[in-house]
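Trainee:
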DNA sequence: AATTCATTTGCGCAAATTGCCAAATACGCA
DNA sequence: TGCGTATTTGGCAATTTGCGCAAATGAATT
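Residue numbers (this note's numbering), protein chains in the order written: chain A, 946 to 1051; chain B, 946 to 1051.
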């Protein structure tokens, strides 16, 4: 079993790195239910619009999102719904790390 | 569909962030075939052992690895083989980003 | 052409990350 | 106890990241 070639490791790492920020994960979750324009995203994500725009760029640069300009607005779309299927695995890591995430349903 | 709670986003992001480095991904790949002690890992990963040790800590801190001391050595183990099943999805992102990773088989 | 709305980019700053060297720690053995 | 091996940690410099403000860009409308 040969070692994974470095260029592939680099490429994978870029994708994971892009996902390694809570705001960007919030954006991914939001877009999982359909495309949105920046102003809609900005309404939901609490941060300066310039910051949101930069997070969107990061996600698009690694291929997770695509964008399309329509008239005045830019719509972003999740290219990779398979990402969300990974959360189960991630969550199992979280709990095994002894840092339980409490979800209180009231 | 309620927004994903922030603590959960934070927790997920930490895991992705830990995976967002090529050397750490190389370690994960190596450990996917079974546990190893630090010196074995160090032989394969080219970096200072202190650097390798720090990468191992990062992965362990988020729960991706566990470690056990046996005699003189510390063995690290992948707690989450499901991680590797995610590469297919990640690779699809990579190629759609128009940054093909060339795998030359000679 | 001038105005307005939507989005991106330049800038500066604080904080985090990375990597190596050297020193410290932990363990087994003579 | 003293030595050699295995691993972690402290410290430092260089680089990157994240954020908001303000300015710039692009498109539509008057």
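Here a beta-carbon is modelled for each residue, glycine too, at the ideal position from N, C-alpha and C.
Who does residue 988/A pair with in a DSSP beta bridge?
Mentor: Looking at the DSSP assignment, residue 988/A forms no beta bridge with any residue, so it has no partner.
Trainee: Taking only runs that begin and end inside the segment 1008-1043 of chain B, name each unbroken alpha helix (DSSP H) of 4 or more residues, in chain order.
Mentor: Here the runs fully enclosed are 1032-1041.
Trainee: Counting only Cβ pairs nearer than 7 Å, list the residues of chain A close to residue 965/B.
Mentor: Correct list: 958, 961, 962, 965.
Trainee: Skipping 5 residues on each side, what residues in its chain have a beta carbon closer than 8 Å to that of residue 1001/A?
Mentor: Result list for residue 1001/A: 972, 983, 986, 1010, 1012, 1021, in chain order.
Trainee: Spell out whether any CB of chain A is found under 8 Å from the CB atom of residue 1037/B.
Mentor: So, interface residue.
Trainee: Would you list, in chain order, the members of the segment 1009-1031 of chain B that have their beta-carbon closer than 7 Å to a beta-carbon of chain A?
Mentor: Listed in sequence order: 1009, 1024, 1025, 1027, 1028, 1031.
Trainee: Just to confirm before moving on: does the CB-CB distance between residue 989/B and residue 960/A stay below 8 Å?
Mentor: Cβ distance not < 8 Å, so residue 989/B and residue 960/A don't count as in contact.
Trainee: Who are the Cβ neighbours of residue 977/B in its own chain at under 7 Å, not counting the five residues just before and after it?
Mentor: Closer than 7 Å at the Cβ level, and outside the excluded window around residue 977/B, lie 1023, 1026, 1029.
Trainee: If I follow the unbroken alpha helix (DSSP H) through residue 995/B, where does it start and stop?
Mentor: Where residue 995/B is concerned, the enclosing alpha helix (DSSP H) stretches over 994-1006.
Trainee: Excluding five sequence neighbours on each side, which residues of the same chain lie with their C-beta closer than 8 Å to the C-beta of residue 1008/A?
Mentor: Correct list, in chain order: 960, 1024, 1025.
Trainee: Residues of chain A with CB under 9 Å from residue 971/B, in chain order?
Mentor: Under the 9 Å cutoff, chain A gives 948, 949, 951, 954.
Trainee: Does the CB of residue 974/B have a neighbour CB from chain A at under 8 Å?
Mentor: At least one chain A Cβ lies under 8 Å of residue 974/B.
Trainee: Quick one: is residue 1050/A buried, meaning 16 or more other Cβ sit within 10 Å of its Cβ, or exposed?
Mentor: Residue confidence for residue 1050/A is low, a pLDDT of 48 falling below 50, so the modelled location carries little weight; the figure read from the coordinates is stated next. Per the 10 Å Cβ criterion, exposed.
Trainee: Span of the alpha helix (DSSP H) holding residue 967/A?
Mentor: Here the alpha helix (DSSP H) through residue 967/A covers 967-976.
Trainee: Drop a sphere of 10 angstroms on the beta-carbon of residue 974/A, count the other beta-carbons inside from all chains shown, and report buried for 16 or more, exposed for fewer.
Mentor: Classification for residue 974/A: buried.
Trainee: Please work out which residues of its chain come closer than 8 Å, Cβ to Cβ, to residue 1046/B, disregarding the five sequence neighbours upstream and downstream, and give them in chain order.
Mentor: Summary for residue 1046/B: the model assigns pLDDT 45, below 50, so the residue's position carries little reliability, and this model does not support an answer.
Trainee: Just list the residues that DSSP pairs residue 981/B with in beta bridges.
Mentor: DSSP lists 1021/B as partners of residue 981/B.
Trainee: Should residue 984/A be flagged as near chain B, meaning a C-beta pair shorter than 8 Å?
Mentor: Chain B contact via Cβ: absent.
Trainee: Cβ-heavy atom distance between residue 960/A and the ligand MG below 7 Å?
Mentor: With respect to the ligand MG, the structure offers nothing, as it holds no ligand at all.
Trainee: Between which two residues does the alpha helix (DSSP H) harbouring residue 958/A extend?
Mentor: Start and end: 951-964.
Trainee: Looking at chain B, is there any beta carbon in it that lies within less than 8 Å of the beta carbon of residue 1003/A?
Mentor: Cβ-Cβ to chain B under 8 Å: no for residue 1003/A.
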